[in-house]
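Notes for the one structure printed next.
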Amino acid sequence: LKTVRTQAERARTFRALDARLRGLRLALALHQYDELCSRLEGLTSRQHGLQRERDAAIEDVEQIEARRQDAELERHELERTLRAHTDRAQRAEHDASHARQRGELLRSTLAQARGRLEEESPRLDALRRSHAADTADLDQTLAKARDLADHAAKAETALESQTRAREASARALIELRHELREAEDAASRAARDLAALDTRIESEQARARSLDEHAARLAESIDQACAERDGLESARAAAESLAHDSRVKADGARSVVAALDQRLRTLGDDQQDVGRRVSALEEQRIKLESRLTTLREMVDAHTGLGEGAIEALRLRDESVEPYASIIAPLADLIETDAEDARAVEAALGASLRGLVVPSLAPFAAAPAPVAGRVVLLESSGDAPPAHVDAGLPAGVIPISRLIRCEDGLRPLVESLVPRAALAPNAQTALALVAGPLEGWTLVTPEGDVVERGRLVAGEPSADEGAGLLERRGELQALESELATLASAVADGRSALAALGDQAAALDRERAEARARLADADRAVLDAEHRLDRLDAELARAEREVARLESECASLQADTDQLRARLAATADERDALAERCESLEAARDALAGRAAAAQAELDELTERSSVLRVEASRLTEQAAAARADAERQERAIAERAEEIGRLERALADQQERVSALEQEIADADAARADAERTAKACRASIDACRADLAQARDRAEPLARAHEAAVERARIAERDWNAVELTRRELEVRRETLEERAAEDLDTDLAADLPEFRALLASGGVAPVDEDETAGEIEDLRGAIRRLGNINLDAIEEESRLEERNEDLARQVEDLDSAREHLEGLIERLSDASRERFREAFEAIRDHFAGDDGMFRRLFGGGRAELRLIPDEETGEVDWLESGVEIIASPPGKKPRTINLLSGGEKTMTAVALLMSIFQSKVSPFCLLDEVDAALDDANVERFCSILSDFLGQAHFIIVTHNRRTMQFADTLYGVTMQERGVSRRVSVSLHEVGENGRLSASATSRADEDRPAPSARDGLAAMRTGRAPIDVAENGSPRETAATSA
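So the numbering used here is basically just the index in the sequence shown, starting at one, shifted up by 14.
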């Protein structure tokens, strides 16, 4: 609360500073906006003037530019003409130079050509003389070659005639041999064909027999397949009917399951709703019970009465005179409504904490010592005169009318509040006590007390009796509300149980319906699977019938074709046999003709060889002569070609000489024309240069005027751009200022500017000093920054926390009172627990370590001690916190702690302590699991004798492997485990138990496998009546014996 108060104060300071800062920023923003708008208006006017100057300068520039461009065009035209004349002059000079150089080159070439003509003429004459001699030699060689060729031709003609005769004879022989081979091949083929026909006839006859047999088998298969198809069609119709019935049943079951699921979901939602309501009621009841318990404890403890009154009531309860005559506290004897409790408590004041007694005389005569002050009220006093309600103003009620009590106590109540009434509020009460109700005590519903010249306000403390009547009223209301809640909780639980029963019934019904649905679905699946299987088999059967029928038809066609082929093959064999005989005869005739033709061919071949040798010799000689003639002809042709080439070259040189002379003349004429053209062009160039100088003189003034006009236009443009840039900067600043004002100050500067100017003009607003205002703004911002983080909600939170603080203060008072009560309760419980533990510990110690204690009885002597372990730091013993230590001294041994004993001694000591505890509080049943495992026979005897002392008070169930313990038992039960994890009960006698406690094979074989084991409840009930034993099984050992003693 202190922190929030500081934050709230800072928040209020922040609000004040922020309001001042906002006003200054708004005034500064309007002032700056006014200045920006004024500057923008001035800049706009100046920009218009500069715009006019810029337009005039641009117009001058355009006019001068047009005149300058005309002058430049004229100058450029003259320069172009000058360049054209210059180019013509240069070309003419170049042509003259080229013609001069070409003439010199042609004269040099002409001299060379004339020199070559003089060199080639003698060579041509020598070639012509050599060509004539070679031609004469060639004629002689050709004549010799012709003679040899004539002799060789005659020999070739004779050879050719002989060769033709031989070739005719050879062709005839070849034809005869060919015809002989064909005849032999035809005869061989005919024989092979005849053998093949015989084989084919036999094969086709066998195949015809096989086809007949296959046709018979196919007919039988077709009959069987048709019968199978008819059976499958009947089975499919039955399966389809069964599948339809199963689907109908499954759909019905599925609808039932869906309806049950919906009902269960609805029922589950109802259960959740009822459960939440019951839980909420339970939580509310627990809270109310806690509050009720606290109120009852406060009422029982007389919280608020004061230490003196509480002490007097304690003395009354102890019948100490004269306090034994106290009737009760006044707060316990009167009642009022909850809304009037605070006003009645304020009106009664200290009297509310008073104790009502029949008479004050005993207390005046012999007062008893009481700590603190106490108020005693006599119940038999006279009532003051009654006040008439009609005399009170409207809305004012006497306090006595608000108090309910017994008639005998009414005079006391009237005397305590004779002139006290309830007023609506403190202001009305102050006005009434100062006027018509002077001398009265008025209270308000809030508990404020108003008297003339006196006002008591604020919340009274518990020591002043605050809440005595409120607590009683709240206690009665809580008891009534708890009764209603208990009834509502009971109804909710009943409804929840009913819904649970309904849900369980529906769940069982749904399980049954789902089982039916699963059966129906399985039936549908089975029927559909059978139907699919039958469809597949029926389709297979139909395909098989169609295949067999098709195969049968194909087989019949093959049989018919085969029989037709057999008939045709028989006819073909007869014709082939006749043909074989004729072919053999023709073959023999051709063989004789071939032998005669071979002899004639040999004779012709010999004559042809002689003629071929002679013809070859003559042909070779004629070829050699022709080769010499051809070589001479090639030499003559080459020499003639060379002569022709020289003659053509000399003619070409002569023509070139003539052409060079003509080209020299043409070059001289061209050089003269070019020199004349160059001279005329130089005259034109001089005239053009004069005209160009005059045009340049006219263009220079225009260029200077143009530069001046451009400079003026540039200056005007620069000034206009500077003004435009300034104006745009001001507009940007104005827009930025508008946006910042709209965002930060939530104001429209453009809309507020006319009003601001009007206020400035009228003097309603003082001119703003920017530096001073900016400084003050920075000071305010610094002050706000120094405030740090501001929580603006702290102002409201402060008021809430103040109310919460008052509530917490009252709760702390209640908690302090409850803590004192709980501390006293804890102390009383600790005392009771300590006393009960001390009594039990001493009894167990006597039973364990006494002269006739369990330790001495089990060990046959010795001594033992059972004691508490003192605290290590203080050395004191606390009955509730100290540990327990066992000191044992078996006969003949020194005393030592139980941890230092042997296994058997530890077991005996533990059994002694256990039986000592059992002796102090006997239980109807006691289960002991192999406690005698570490004992020898003598100690087992002592152990069994100790158990016999308790048989009149308890039943013992002992799991053991010791035969002596079994001998002590009244009834024996064997437990065997033939399968791991599965134990069986066996009826057994003592002679069937081995030394190690294992059962014999005969007892194990009698395991009762068919009879189910009785439940623990049935076994205990039977054991109590002595009609049947209880089964005991130990999973840790494969076979054990359970011995019981009753």
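Glycine included, every Cβ here is placed at the ideal spot set by N, Cα and C.
1. Within the continuous alpha helix (DSSP H) that includes L822, where are the two ends?
2. Please list the terminal residues of the continuous alpha helix (DSSP H) segment that includes R771.
3. Within the continuous alpha helix (DSSP H) that includes T442, where are the two ends?
4. By DSSP's criteria, F939 is part of a beta bridge. Which residues make up the other side?
5. If I'm right that L794 touches E495 with Cβ under 8 Å, what's the distance once you round it to whole angstroms?
6. My understanding is that V371 touches S339, with C-beta atoms under 8 Å, so please give their C-beta distance in whole angstroms.
7. Anyone know if the C-beta pair for A360 and V457 falls short of 8 Å?
8. With DSSP as the reference, identify every bridge partner of I900, one or two as the case may be.
9. Check the Cβ-Cβ distances between E887 and every residue of chain B, and say whether any is below 8 Å.
10. Using DSSP's beta-bridge definition, name the partner residues of L391.
11. In the DSSP output, which residue or residues are listed as bridge partners for A434?
12. Where does G789 fall in DSSP's three states?
13. In three-state terms, what does DSSP make of T985?
14. Tell me the rounded alpha-carbon separation between E919 and R507.
15. If you follow the beta strand (DSSP E) that S997 is in, where does it begin and where does it stop?
16. Tell whether a beta-carbon distance below 8 Å holds between V891 and L882.
17. Mind checking L352: buried by the 16 CB within 10 Å criterion, or exposed?
18. Can you check whether the CB of L42 is closer than 8 Å to the CB of A788?
19. Terminal residues of the continuous alpha helix (DSSP H) containing L362?
20. Looking only at its own chain, which residues have a Cβ that is under 6 Å from the Cβ of I78, when we skip the five neighbours before and after it?
21. Skipping 5 residues on each side, what residues in its chain have a beta carbon closer than 7 Å to that of L597?
22. Considering only the beta carbon of each residue, do L64 and R741 sit closer than 8 Å?
23. Have a look at R34, S144, A375 and Q61 and flag the residue whose alpha-carbon is nearest the alpha-carbon of A730.
24. When you compare the CB positions of A125 and R696, do they come within less than 8 Å of one another, or not?
25. So, does the segment 271–289 touch the segment 521–536, judging by three or more C-beta pairs under 8 Å?
26. What residues match up with V464 in a beta bridge as DSSP calls it?
27. By a C-beta neighbour count over all protein chains shown, 10 Å radius and 16 as the cutoff for buried, is L894 buried or exposed?
28. For P336, does the three-state DSSP call read helix, strand or coil?
29. In whole angstroms, what is the alpha-carbon distance linking A581 and T213?
30. Looking at the structure shown, is I411 part of a helix, part of a strand, or coil, going by DSSP?
31. Evaluate the contact criterion for the segment 629–643 versus the segment 156–171: three or more CB pairs, one atom per stretch, below 8 Å.
32. Buried or exposed for P343, going by 16 or more other Cβ atoms inside 10 Å?
33. Just confirm the distance between the C-beta atoms of E812 and R19, as a whole number of angstroms; I'd bet it's less than 8 Å.
34. Report the rounded CA-to-CA distance for V410 versus A30, giving the unit in angstroms.
35. How close, in whole Å, do the beta carbons of T979 and V954 come, if the pair is a contact with beta carbons under 8 Å?
36. For A375, count neighbouring C-beta atoms within 10 Å of its own C-beta (all shown protein chains included) and say buried if the count is 16 or more, exposed if not.
Let me spell this out:
1. Looking at the DSSP string, the run of the alpha helix (DSSP H) that includes L822 is A808 to A863.
2. L763 to S776
3. A440 to V447
4. Residue pairing for F939: DSSP places it in a beta bridge opposite H969.
5. About 58 Å; that fails the 8 Å criterion.
6. 6 Å
7. yes
8. L880
9. Absent here is chain B; the protein component of the structure consists of one chain.
10. Looking at the DSSP assignment, L391 forms a beta bridge with V370.
11. T455
12. helix
13. In the structure shown, T985 sits in a strand (DSSP, three-state: E or B).
14. 57 Å
15. V996 to V1000
16. The Cβ-Cβ distance between V891 and L882 falls below 8 Å.
17. Here the sequence assigns Ala to residue 352, which means Leu is not the residue at that position. A352 should be labelled exposed.
18. yes
19. A355 to L362
20. A719, H720 and A723
21. A197, A200, A201 and A204
22. no
23. Q61
24. no
25. yes
26. In the DSSP output, where bridge partners are listed per residue, V464 has L456 and L469.
27. exposed
28. coil
29. So the two alpha carbons sit approximately 14 Å from each other.
30. strand
31. yes
32. buried
33. Confirmed, about 6 Å.
34. Cα atoms of V410 and A30: separation of roughly 45 Å, rounded to the nearest angstrom.
35. 6 Å
36. The Cβ neighbour count for A375, taken over all protein chains shown within 10 Å, is under 16; the residue is labelled exposed.
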